[in-house]
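Below is one structure, written out as structure tokens, with a few remarks after it.
2 protein chains.
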Amino acid sequence: MGRKSSCVKPTLVTILTFVALYAFFNTFLTPINPNPLDSPFSILSSYNSPNPSVKVYLYDLPRKFTYGVVESYLKARDPSVSIPVNDVKYPGNQHSAEWWLFSDLIKEDRYGSSVVRVLDPEDADLFYVPFFSSLSLVANPIRPAAVNVNSDIGSVYSDEEMQQGLVEWLEEQVYWKRNNGWDHVFICQDPNALYKVIDRIKNGILLVSDFGRLTSDQASLVKDVILPYSHRINSFKGEIGVEGRNSLLFFMGNRYRKEGGKVRDLLFQVLENQEDVIIKHGTQSRESRRMATQGMHSSKFCLHPAGDTPSACRLFDAIVSLCIPVIVSDQIELPFEDAIDYKKIAIFVDSDTAVKPGHLTKMLRKISTEKILQYQQELKEVKRYFEYDDPNGTVNEIWRQVTLKLPLVKLMINRDKRLVRRELIEPDCSCLCSNKTRARPTF
Amino acid sequence: MGRKSSCVKPTLVTILTFVALYAFFNTFLTPINPNPLDSPFSILSSYNSPNPSVKVYLYDLPRKFTYGVVESYLKARDPSVSIPVNDVKYPGNQHSAEWWLFSDLIKEDRYGSSVVRVLDPEDADLFYVPFFSSLSLVANPIRPAAVNVNSDIGSVYSDEEMQQGLVEWLEEQVYWKRNNGWDHVFICQDPNALYKVIDRIKNGILLVSDFGRLTSDQASLVKDVILPYSHRINSFKGEIGVEGRNSLLFFMGNRYRKEGGKVRDLLFQVLENQEDVIIKHGTQSRESRRMATQGMHSSKFCLHPAGDTPSACRLFDAIVSLCIPVIVSDQIELPFEDAIDYKKIAIFVDSDTAVKPGHLTKMLRKISTEKILQYQQELKEVKRYFEYDDPNGTVNEIWRQVTLKLPLVKLMINRDKRLVRRELIEPDCSCLCSNKTRARPTF
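The following block contains the structure:
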């Protein structure tokens, strides 16, 4: 009996120890915040799925559409360059999201992401097409007038042929045909990327910078995702404050732009003689990036006028510089606007008002230091959304945005299948229209 | 030492016991499937948030907008009726979702729901306005030509005054004004519910039956949620099978309808002399519901032609009867279509084809028993989506659908705040357009 009892006790202790160990690992070593994007600023965080369970299939495209584009880009600049097959490096570029997303999906450890990569397309919710469409557009330093068949590096790279080739390849794929492309994701961050084939892929989720060159039946806030450009100047590592930020307003960039960007020349005219404003004409170069870094890190406000299209990488340079953006771009669409209240981090001025002589500087000078510090604090909190290299940054947020499209994708797939032939007076569209009381419609 | 040792052991056992108990409760009594809507059919289930964390504030409307509507309805039919204040019962009605959702939100135990009710509006993501708008529309048996001020039950109930009163009340609320109503949820299931004020509340998420009486800037698949009607006949409790289902096709309902419903009379003409088809003119009554129950439970297929608007409760009667719906309603929109592939549970025939003599019956007779059983099996699996009284049914699914709108709601709120005045050539809308290759557009 005594022996039996002493036998039972250690066994009980052993069992309890195992259960306790299981409890310990299960309870305390389970991540308590499985979604590292959670923060007070991410107002959507409360309903983020903590399980990364939207399944994405990464198309194994022919190499020419991915690494091959980088190789073509580098060879077009230096035909003698030697590129190790296993160490292809994407060149520095404001449209490098295509590289970041591709690199992310092929990574082993993707903890914290809203999507998981699946290797069997049967398991996939969404299909990612990793063509480097923005780099492809600029692979040739100057787009060739005609293909030079006698070139000793073979035929000159043709972006248009690449676009056509991609869609021809895709149209052979069973998963493309199955749902008319609704569940496919394309990246075309340069406003001209994929322009030749956009009508053939427009059912897909497009990852874009803005809708400047896209019609309303090709892309929209409802179907697509607005991406930030990669910032091209260094992040500001210091604390918030106005010390060291001696200039009021800073801008450096091309003075002359097409379309909405025409406002730039007018802004130069009203601002270039203001003593606390630094406004300079400059084009992309290492030296101008150095000067822009210095300017943005030492100014309170940074001007962001429209470019050829409403968006430009300068906005994101300003954000990571904690330089409060002053946005003069009436048609701009902004990344992750469900999660970020841009009114807290930027100042919006319509073009007509902004070009009134003296108006902009007068308005900015009136903003108190306390208010400036508030803006800076908010900028600091959202900064990571614009850092592609932050493990808790842009890449994860882009995937989260993509997952939010899935319910409408599934709806459109199911609805398309059962729609009958019918006479329609208007296109069959479901829309979300902004509050017109704030706009000044001419219709 | 011996004493110490014997003291340590029980203490260790005690500690381990507590840890083990904690482990047990934490590990095994935590729901392993926190979202009871998960099923192989719910293709979206994998990314449902397992935490019911979208926060909804239920407006404490003046009583006249909720229980008061029921009282007015009952008193208009029997002025002598006595209604206990704490036991107001909503009358049987195909538009009873307004009652189900209200009753659900005021329940204590809301386990399994995608939304939690919060009592402080500051905490809310969304605001639910529980006006019984559909019952209000029919509170008077016949809408009065003029208000009878001499009536001894006070003035005659006026739905229009109620609608106006609701919006006036709402427009005084701070949370309504704060975001221009984008984060408010309204139920207006009868196609005419809230018709008088719809333009003032159209920013909100509307819970509707279809878009038959709504313009594209008032409601859409993107912004709003399509609800099923409450089925009005009893569910079929038996197993799948064709035994006992001797008729091919069944329909009972009003032969004459306006607009899209004109197809009904044409369908009667081509079907009424077919021997295995039961097609009867009938209006709502207890007796006709009994006959419809019997007919739908003993037929293989159930016809669902458009009514005055594209939807009708007959579709949901058919589904819960496991009677395969034959849908002849070219503009129909269907509830929960992201989660349900209706092509698997119903047959869609365009109106032009359906009214060709002999066509419909010939097509249905060709469908094999095996295929019929497949349809029935799928119907059985989705049936719970159409059962308002199922704890794992319609009510939870409606809330899940509402939560899916939140990212776009937040986006529109933030975007509206920072939009500048601008000249627009077209309305400022973001759209999702269906694949036009399957439609026959006339534009």
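Those protein sequences? They're chains A and B, same order as listed. Residues in the first sequence are numbered consecutively from 237, following the working numbering. Residues in the second sequence are numbered consecutively from 237, following the working numbering. Beta carbons are placed, not taken as given, at the ideal position from N, Cα and C, and that holds for glycine.
Spell out the partners DSSP gives residue i in its beta bridges.
i                     : result
residue 669 (chain B) : A:665
residue 488 (chain A) : A:516
residue 541 (chain B) : B:564
residue 535 (chain B) : B:483
residue 583 (chain A) : A:562
residue 638 (chain B) : The partner list for residue 638 (chain B) (beta bridge, DSSP) is empty, contrary to what the question assumes.
residue 291 (chain A) : A:352
residue 462 (chain A) : A:444
residue 362 (chain A) : A:292
Could you check if residue i is buried or exposed, using at least 16 other CB atoms within 10 Å of its CB as the buried criterion?
i                     : result
residue 329 (chain B) : buried
residue 313 (chain A) : exposed
residue 639 (chain B) : buried
residue 637 (chain B) : buried
residue 550 (chain B) : buried
Against chain B, does residue i count as a neighbour if the rule is that its beta carbon must be under 8 Å from one of theirs?
i                     : result
residue 577 (chain A) : yes
residue 651 (chain A) : yes
residue 189 (chain A) : Since the first residue of chain A shown is 237 and the last is 679, residue 189 (chain A) is not available in this structure.
residue 599 (chain A) : no
residue 323 (chain A) : no
residue 456 (chain A) : yes
residue 657 (chain A) : yes
residue 242 (chain A) : Below a pLDDT of 50, predicted positions are generally treated as unreliable, and residue 242 (chain A), at 42, falls in that range; the measurement from the model is reported next regardless. Cβ-Cβ to chain B under 8 Å: no for residue 242 (chain A).
residue 574 (chain A) : yes
residue 359 (chain A) : no
residue 670 (chain A) : yes
residue 452 (chain A) : yes
Between the alpha carbons of residue i and residue j, how many angstroms are there, rounded?
i                     : j                     : result
residue 343 (chain A) : residue 294 (chain A) : 12 Å
residue 412 (chain B) : residue 393 (chain B) : 26 Å
residue 406 (chain B) : residue 301 (chain B) : 12 Å
residue 508 (chain A) : residue 607 (chain A) : 25 Å
residue 629 (chain A) : residue 464 (chain A) : 11 Å
residue 574 (chain A) : residue 339 (chain A) : 26 Å
residue 369 (chain B) : residue 467 (chain B) : 19 Å
residue 360 (chain A) : residue 419 (chain B) : 32 Å
residue 588 (chain A) : residue 568 (chain A) : 15 Å
residue 355 (chain B) : residue 296 (chain B) : 10 Å
residue 490 (chain B) : residue 516 (chain B) : 8 Å
residue 651 (chain A) : residue 641 (chain A) : 15 Å
residue 644 (chain B) : residue 564 (chain A) : 24 Å
residue 500 (chain A) : residue 462 (chain B) : 47 Å
residue 336 (chain A) : residue 552 (chain A) : 16 Å
residue 530 (chain A) : residue 429 (chain A) : 31 Å
residue 310 (chain B) : residue 375 (chain B) : 8 Å
Going by C-alpha distance, which of the options is nearest residue i?
i                     : options                       : result
residue 196 (chain A) : A:306, A:554 and A:369        : Outside the displayed range of chain A (237 to 679) lies residue 196 (chain A), so it cannot be described from this structure.
residue 458 (chain A) : B:558, B:647 and B:419        : B:647
residue 632 (chain A) : A:475, A:642, A:641 and A:620 : A:620
residue 622 (chain A) : A:590, A:501, A:571 and A:434 : A:571
residue 577 (chain B) : A:366, A:433, A:410 and A:415 : A:415
residue 617 (chain A) : A:580, A:584, A:627 and A:502 : A:580
residue 212 (chain B) : B:348, B:351 and B:402        : Nothing about residue 212 (chain B) can be read from this structure; chain B reaches only from 237 to 679.
residue 487 (chain B) : B:431, B:560, B:473 and B:376 : B:560
residue 399 (chain A) : A:434, A:610 and A:504        : A:434
residue 698 (chain B) : B:331, B:319 and B:290        : This structure cannot settle anything about residue 698 (chain B), because the visible part of chain B is limited to 237 through 679.
State yes or no: is the beta carbon of residue i nearer than 8 Å to at least one beta carbon in chain A?
i                     : result
residue 414 (chain B) : no
residue 643 (chain B) : yes
residue 354 (chain B) : no
residue 648 (chain B) : yes
residue 566 (chain B) : yes
residue 265 (chain B) : With a pLDDT of 40 at residue 265 (chain B), under the threshold of 50, the modelled position of that residue is not reliable, and the figure given next carries that caveat. Output row for residue 265 (chain B): interface = no.
residue 338 (chain B) : no
residue 299 (chain B) : no
residue 654 (chain B) : yes
residue 667 (chain B) : yes
residue 585 (chain B) : yes
residue 640 (chain B) : yes
residue 709 (chain B) : Absent from the structure is residue 709 (chain B), since the part of chain B shown begins at 237 and ends at 679.
Kindly examine the ligand NAP and report whether one of its heavy atoms sits closer than 7 Å to the Cβ of residue i.
i                     : result
residue 541 (chain A) : Ligands displayed in this structure: none; no statement on the ligand NAP is therefore possible.
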